[in-house]
Amino acid sequence: MKEATPQMNKPSTIEEVLTNRTRPKSPTAIQASATFAWRALLRIRYVPEQLFDVTIFPIIFLLMFTYLFGGAISGSTGEYLNFVLPGILVMTVSMITMYTGLDLNKDIEKGVFDRFRSLPIWQPSVLVGALLVDTLRYLIASTIMVTLGYILGFRPEAGFSGVIMGVAILLLFSFSLSWIWTMLGIIVRSEKALMGISMMFLFPLTFLSSVFVDPSTMPNWLQKFVDINPITFVVDAVRTLIHGSEANGDVMIVIYISIALIVIFGPLTMYFFKNK
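Each residue of the sequence shown is one higher than the last, beginning at 1 in UniProt numbering.
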């Protein structure tokens, strides 16, 4: 005798499925942010070339500026390395913050973010998750830079703890700076336009600062701009933390600047994200 085949699709079962009004529980803000952070990590896994800007770029910059200008500026590359490495560290990480907006702009052009905005989730998690992974990228760039510096002869006077504090204050500033490019990534229509805008601001701010030389050696008219340049405050804070100098004033200024950037551009970014 043939065994009776169980009926899997009973009308009552189908009716229950179609009329069931219960919905899965919405994810929390942390869960949603972690999900989008994982999405960003998967993009790096499948397209590892995205890490070139945080691996090759810092190495080229440090080697180029140390050995091209070190002897001319400080008399020896070793002495100049101790001065310039914190500055190039800030410059490199600040420059790669623009890629946050570029990746976001690509997703918007593909229509991916239209789907995200229709999901019943904490809406900022779409951006926060990506920004958290970008902070990891900044940490990778900082680690590579400091490691290479040690190989070349860099010796921080404050030791390893000073390096950690210097990198921490840099990560805070970079995270807050990323909100500007995230907002512009939503507003600007093309990736090329966004890159042009970011370079127009980042290049003058990074080069016209205390990254490469002491501002006291500059002309008075240029020194006035350098002294109020936000990048100068970050460089001075990182440099003094790494080398063990008194840095309370510079560190507090960087913290205030970072908080101000998040408070101003965070809500603006979310406004354009919801209404564009």
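Ideal placement from N, C-alpha and C gives every residue a C-beta, glycine not left out. Note that this is a predicted model, so its numbers are computed, not measured.
Restricting attention to alpha helix (DSSP H) runs no shorter than 4 residues, the region 69-110 encloses them at 77-96, 98-110, ordered along the chain. DSSP, read as helix, strand or coil, puts residue 227 in helix. When Cβ pairs closer than 8 Å are counted between the two stretches, the region 162-171 is seen to touch the region 231-244, the count reaching three or more. Less than 8 Å separates the beta-carbon of residue 116 from that of residue 126. Between the region 200-208 and the region 39-51 there are fewer than three C-beta pairs closer than 8 Å, too few to call the two in contact. Note on the region 182-230: whole alpha helix (DSSP H) runs with a minimum of 4 residues are 191-207, 220-228, in chain order. Annotated three-state conformation of residue 263 is helix, per DSSP. In summary, residue 99 is buried, with 16 or more beta-carbon neighbours lying within 10 Å of its beta-carbon over all protein chains present. Sequence-distant partners of residue 270 (beyond 5 residues in either direction) whose C-beta falls short of 8 Å from its own C-beta, in its chain, are 123, 124, 127.
The C-beta distance from residue 113 to residue 212 rounds to 39 Å, too long to meet the 8 Å contact threshold. Under the 10 Å beta carbon count, residue 26 is surrounded by fewer than 16 other beta carbons and is classified as exposed. Selection 95, 79, 78 evaluated against residue 199 yields 95 as nearest (Cα-Cα).
The closest CA to that of residue 133, considering only 97, 110, 151, is found on 97. Between residue 262 and residue 176 a beta carbon distance of about 5 Å is seen, short of the 8 Å cut, so the two are scored as contacting. Per DSSP, reduced to three states, the secondary structure at residue 38 is helical. In this structure, DSSP gives residue 157 a state outside helix and strand, which the three-state scheme calls coil. Counting C-beta pairs with one atom in each stretch, the region 103-110 and the region 179-191 have three or more that are closer than 8 Å, which means they touch.
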